[in-house]
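Colleague:
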Amino acid sequence: MRNNRFYLLIGVLFVLSYLATAFVDNQYYFFAGFAILQLMVMALAWNILGGYAGYVNFGSAAFFGLGAYSAIFVLQLFDATLFTQIIVAGCFSGLVGFGTGYLTLRLRGVYFAIATLALLVVSETLIVNWDYVGGAAGAYVLPKRNPEILGVLVVGKSGALFGNYKELLFFLMCTIALITIVICRFIENSKFGRGLAALRDNEEAAESMGVPTLKLKLIATSLSASIMGITGGTFPYYMTFIDPISAFNLDISVNALAMPLIGGTGSWLGPVLGALVLGTLQQVVTVTISSSINLLVVGLFLVAFVIFAPGGFLGLIQKYWKRGG
Amino acid sequence: MLGKFGKLRRNIALVSVLGFTLILAQGLMTTATRAAEPIKIGFSMALTGALAGGGKQSLVSMEMWAEDVNKKGGLLGRPVELVYYDDQTNPKNVPGIYAKLLDIDKVDFVVSGYGTNLIAPAMPVVIQRDLVFMGLFGMNNNKKWKYDKYFQILPSGPNPAVDFSRAWFDTVMALDPKPKSIAFIAADAEFARNLKEGAVTNAKRIGLKITYNKNYKPGTPDYTPIIRAINATNPDVIYVASYPNGSVGIVRAVSEVGTKARGFGGGMVGLQFSGIMKGLGPKLNGILNYDFYVPEPNMNLYPGVVDLLARYQKIAPSRKVDPLGYYLAPWSYAYLQVLGDAVNAVGKIDHAAIAKYIHATEFSTVVGKVKFGKNGEWANGRTLTVQWQNIKKQNDLQQFTKPGIRKIMEPAAFATGTVKPFNALR
Amino acid sequence: MFSFELLINAIVIGILLGGFYAALSIGLSISFGLLDIVNIAHPAFIILGAFICFIFNSHYGIDPILMGIIFSPVFFLLGLLIYRIYYERFEKTGAEALRGLAFFFGLMFIIEVILIMSFGVDFQMVQAGYIDFKATFGVVDIPFRMFVPFVFAMLMAIGLQWFSSRTFFGRAMQAVAQDSLALRLMGIDPVKIKTIAFGISIATCSIAGALLVIVIPIEPSVGRLYIGQVFAIVVLGGLGSQSGTLIAAMLLGLVESLITTFFGPSWSPAVAFGALILVLAFKPTGILGRVGDTRG
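Residue numbers (our numbering), protein chains in the order written: chain A, 1 to 325; chain B, 1 to 426; chain C, 1 to 296.
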């Protein structure tokens, strides 16, 4: 997609998402939409490290959870606003990501994946034992009534930018998703992206050709972690009650990984497609079939899909269109 | 990165995926052409995942309530219909489910799922729309919100975490000589931690010395090191706040290692589940634990509870749920009973009026008289402390249906026995 | 709070626990360690085995371990079948180990659902004479509930070790991980070896399941608690080394037990995984892994 068309599309979606909150009455779409967009952002962030650089991260839930808990921390500390929470979350997770990248310097492939899993367990245990943010008992978060920014009422029953917090969160998540897509696309077409690709294809060769692999790895890990942290930062306000088990749940890591696998890891389009399809499927199944059949459907879908389309959606598109032209 | 594709092709692909997604999503736009007839009560319930044992048990008895109400003419003359979705014991699913119930399924009333963690995420949705909300076994969900239309069916009392264990402490302090020290062990998870904090408050109030106070990770396979470490500090009584797999492990560990403590138990979830009762058998003797309903003679004075359980136990095997249903079935029936009675009494679907009525009334339910206090918690707690006694057979579930196994220690009004030291019964 | 009695018992339980963990991980050390198959459904297969033992124990009173051993050929065949599918769609087409991951995730969900639909979601336990028995030597207690699984775990580990180093198939299994081209040049079909190896790894799940249900009460989703641990143990021990896995499992069991006894149980998972990170920082291929192994 050429630059102009792309940015135009992004702009249009941005405006549309705001208008949706203004005109769509049925709240359910914001809940489901938020959930799907959150999955999309996590998938995109995962793909930066996993798809572009080839480093499989099992610990996405750690960055997400640490983001959520840094938001809670600043909330407890000085009653921070939602925006502050998100920014702090992003920064803290980014730092942790940086540290992780540094510690796992010499680890490749599977060892890296397991180290990230270890990170997840250690983070969860630390938070579980930290009573200031609620510990294992969990923390309640009461969103501020009628918050304002520069005098403009942001959330309120009438005369505000948004009717309620779910609409605001939906819009925020949409914005974050769009920004992440822009970032990913930018990476793909940049020197940074090419460096990552070299890393993915053959790290030793890349190093011997002078590619600064350590620097690239650190940037990719920090960026990926930071975005995941930002997503986690929105979690407390959305759920109003979080505990370590749900913030550090393995299913967050699973989804972040499954969606790019299903959609395709080559470009930003893959995670987007994967999240749209798998996310929507999960949402629909939760509120229709809804029983243990739920898990069965998702499981069968995963298995069938991965068996018949191992390159993900993008792979399918490639195969199909290649035949045609 | 798709190389030589035309952007046209990529756009087509994108659009077709979006289209596919929208078609999927359409499945959600269920028709609004429903007859105005039935009154719909919506909720999420844990039918899979860690809390599913309790969730499925509750659902069976809730469906029995709906049947009973419809036999008597329904609510406000209209038949009642339960609309529910499986939250998979995953709090993340809860907000979306309630949004769907309210915005798409257009239910008239909502009640909660089972467990504090699954009730909490529904609170903002419910509060935003100003609806009456009945809670099932949630601890302190309303403490921060202070919502005036929330009502909880957990019989702990006005200050749930502390009141929950009050009866247990009253019981152990009746041991002779009086205990002077206590050890605490709790699972690192919400309910257990809250219970323990409440229990610690009680212990401090009484002036017991705390010799050990730690938490364990829920997946731990073996508890003998913990029991030994506790024993090394020589407590007079031990308070345990655990979840099912921990409860089993701890009971086994204390059976193997033994203890000099004279009181053992407190907040062990899972000992009320049939599979676990049957599996542990005589190892349970002497344990002092919380409970909500046991088949002791004076408990059967609750109006209708004996029949309810008999009916439940007939259908339980085919529904693959807990065969006895003591733990949740009476309570999940009761929380709907309160709602139903209030709705009928008020005469119309007016949530403010219904909430006011519930605050002001003492209800007569299958779990006896229910009166709500501040924040929707019970005005008077009725958590039982029972002591397991006289369990003789291994691997026999029927022995637990007879009186004399779980003797009620507290509250005094229901007592059927006096407390004995732990080791005296083993 | 320190006492000799506490210490010795903590060590004993730590070793028994380590044996238990070893039983859970040994199959994975073959499928993941040797064959590079990220079988995240490994714990799910163990739970499947556990439920089978439960149902025969509860209806016919058959000892769970006996059942586990009887059923292992069935699991072996199941493993063969699954590997064939996996091979056709993933390895043959040269996809990296990670592609198969989603396949095994799906498999994990499917197994869990089948268990939920067949057995319900309640906790289940087994009955066996030795579960309540305890042998005492002075101040040391040896609970048979842990000891019997430990014994069988050791038997399984030793059996596999013997198989790997003494039999033809076993050595071929080690070889296929190192250099399958060389193997082919010697006239052996690597695919056949891998299929059998995977079958063996699933067969161990049958026995591991029996041991699991003796130690803890089970319900269909309980496998998820162990995913992190079994993978960590295999990596910590070094990919491709069964004895490494055994050592890692023992280490983990000991560390957990000692930390629990002397510092408090809530820190034990962090310590265990923290240890993993430390080991990997100094020896990136694990305790007994081959140096320079850049599996990716």
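No residue lacks a Cβ here, since even glycine has one placed at the ideal position from N, Cα and C.
Here the structure is a predicted model, which means the values were calculated and not measured.
Of the choices C:112, C:235 and C:149, whose alpha-carbon is the least far from that of residue 13 (chain C)?
Modeller: The shortest C-alpha separation from residue 13 (chain C) is found at C:149.
Colleague: Run through DSSP, which three-state label would residue 40 (chain B) get?
Modeller: The answer is strand: DSSP assigns residue 40 (chain B) an E or B state.
Colleague: In the DSSP output, what is residue 141 (chain C) paired with across the bridge?
Modeller: Paired residue(s): C:136.
Colleague: For chain B, is any of its Cβ atoms less than 8 Å away from the one on residue 240 (chain A)?
Modeller: It does; some Cβ of chain B falls within 8 Å.
Colleague: What does a CB cutoff of less than 7 Å around residue 161 (chain B) pick up in its chain, not counting 5 residues either side in sequence?
Modeller: The answer, listed in chain order, is 139, 140, 194, 195, 197 and 198.
Colleague: Going along the chain, which residues of the stretch 392-415 of chain B sit with their C-beta nearer than 9 Å to a C-beta in chain C?
Modeller: Per Cβ criterion, the list reads 394 and 395.
Colleague: Taking the beta carbon of residue 418 (chain B) as the centre, do at least 16 other beta carbons fall within 10 Å, making it buried, or is it exposed?
Modeller: With fewer than 16 Cβ atoms within 10 Å of its Cβ, residue 418 (chain B) is classed as exposed.
Colleague: Would you call the CB atoms of residue 18 (chain C) and residue 173 (chain C) closer than 8 Å?
Modeller: No, they are not a contact pair.
Colleague: Report all residues from its chain with a CB closer than 7 Å to the CB of residue 325 (chain A); omit the five preceding and five following residues, and keep chain order.
Modeller: Model confidence at residue 325 (chain A) stands at a pLDDT of 41, short of 50, so the residue's coordinates are unreliable; what they give is reported in the following sentence. Excluding sequence neighbours, residue 325 (chain A) sits near nothing in its chain.
Colleague: Based on Cα-Cα distance, which residue from B:87, B:43, B:250 and B:77 lies nearest to residue 101 (chain B)?
Modeller: Comparing Cα-Cα distances from residue 101 (chain B) to each of B:87, B:43, B:250 and B:77, the minimum goes to B:43.
Colleague: To which residues does DSSP link residue 155 (chain A) through a beta bridge?
Modeller: BP columns for residue 155 (chain A) point to A:162.
Colleague: Within the 8 Å Cβ cut-off, does residue 243 (chain A) reach chain B?
Modeller: By this cut-off, residue 243 (chain A) is an interface position.
Colleague: Can a CB atom of chain A be found closer than 8 Å to the CB of residue 290 (chain B)?
Modeller: No, residue 290 (chain B) lies away from the interface with chain A (no Cβ there is under 8 Å from its Cβ).
Colleague: Between which residues of its own chain and residue 78 (chain C) is the CB-CB distance below 7 Å, once the five residues before and five after are set aside?
Modeller: Result list for residue 78 (chain C): 202, in chain order.
Colleague: Is it right to say residue 120 (chain A) is buried, meaning 16 or more other beta carbons lie within 10 angstroms of its own, or is it exposed?
Modeller: By the 10 Å Cβ count, residue 120 (chain A) comes out buried.
Colleague: Name, going along the chain, the residues of the stretch 6-26 of chain C whose beta-carbon falls closer than 7 Å to a beta-carbon of chain B.
Modeller: Going along the stretch 6-26 of chain C in chain order, one finds 6, 9, 10, 13, 17 and 20 with a Cβ nearer than 7 Å to chain B.
Colleague: Where does residue 365 (chain B) fall in DSSP's three states?
Modeller: Residue 365 (chain B): strand per DSSP, three-state reduction.
Colleague: If I measure Cβ to Cβ from residue 251 (chain B) and keep anything under 6 Å in the same chain, skipping five residues before and after, which residues do I get?
Modeller: If we look at residue 251 (chain B) and ignore the five residues flanking it on each side, its Cβ neighbours are 280 and 283.
Colleague: Examine chain B for any beta-carbon lying closer than 8 Å to the beta-carbon of residue 85 (chain A), and answer yes or no.
Modeller: No, because no Cβ of chain B sits closer than 8 Å to the Cβ of residue 85 (chain A).
Colleague: What residues of chain B sit near residue 264 (chain C), judged by a beta carbon separation below 7 Å?
Modeller: Ordered by position in chain B, the residues that pass the 7 Å Cβ test against residue 264 (chain C) are 214.
Colleague: Counting contacts by CB-CB distance shorter than 8 Å, is residue 52 (chain A) in contact with chain C?
Modeller: Chain C contact via Cβ: absent.
Colleague: Within 8 Å (strictly less), CB to CB, does residue 266 (chain A) reach chain C?
Modeller: No, its Cβ sits nowhere closer than 8 Å to a Cβ of chain C.
Colleague: When the Cα atoms are used, what is the spatial distance from residue 263 (chain C) to residue 61 (chain C)?
Modeller: If I take the Cα positions, the gap works out to 40 Å.
Colleague: Quick check: the Cα distance between residue 326 (chain A) and residue 119 (chain C), rounded to an integer number of angstroms?
Modeller: Outside the modelled stretch of chain A, which goes from 1 to 325, sits residue 326 (chain A), for which no answer is possible.
Colleague: Between A:93, A:115 and A:237, which has its C-alpha nearest residue 103 (chain A)'s C-alpha?
Modeller: Cα-wise, what sits closest to residue 103 (chain A) is A:115.
Colleague: Quick check on residue 376 (chain B): does DSSP put it in helix, strand or coil?
Modeller: Reduced to three states, the DSSP call for residue 376 (chain B) is helix.
Colleague: According to DSSP, residue 228 (chain A) sits in a beta bridge with which residue or residues?
Modeller: None; residue 228 (chain A) has no bridge partner.
Colleague: Taking the beta carbon of residue 327 (chain B) as the centre, do at least 16 other beta carbons fall within 10 Å, making it buried, or is it exposed?
Modeller: With 16 or more other Cβ atoms within 10 Å, it is buried.
Colleague: Ends of the beta strand (DSSP E) at residue 388 (chain B)?
Modeller: Run containing residue 388 (chain B): 384-388, per the beta strand (DSSP E) assignment.
Colleague: Across which residues does DSSP place residue 291 (chain B) in a beta bridge pair?
Modeller: According to DSSP, residue 291 (chain B) bridges with B:384.
Colleague: Mind checking which residues open and close the alpha helix (DSSP H) that includes residue 90 (chain B)?
Modeller: Segment: none, residue 90 (chain B) is in no alpha helix (DSSP H) and carries neither H nor E.
Colleague: The alpha helix (DSSP H) spanning residue 211 (chain B) covers which residue range?
Modeller: No alpha helix (DSSP H) contains residue 211 (chain B), which is instead part of the beta strand (DSSP E) from 209-216.
Colleague: Taking only the alpha-carbon atoms, compute the straight-line gap between residue 199 (chain A) and residue 257 (chain A) and give it to the nearest angstrom.
Modeller: If I take the Cα positions, the gap works out to 19 Å.
Colleague: Is it the case that the Cβ atoms of residue 152 (chain B) and residue 381 (chain B) are separated by a distance below 8 Å?
Modeller: In this structure, residue 381 (chain B) does not lie closer than 8 Å to residue 152 (chain B) by Cβ.
Colleague: Can a CB atom of chain A be found closer than 8 Å to the CB of residue 31 (chain B)?
Modeller: At residue 31 (chain B), the pLDDT of 43 sits below 50, so the modelled position is not reliable; the number obtained from the coordinates is stated separately. No, its Cβ sits nowhere closer than 8 Å to a Cβ of chain A.
Colleague: Check whether the Cβ of residue 183 (chain C) lies closer than 8 Å to any Cβ atom in chain A.
Modeller: Judged by the 8 Å Cβ criterion, residue 183 (chain C) is not in contact with chain A.
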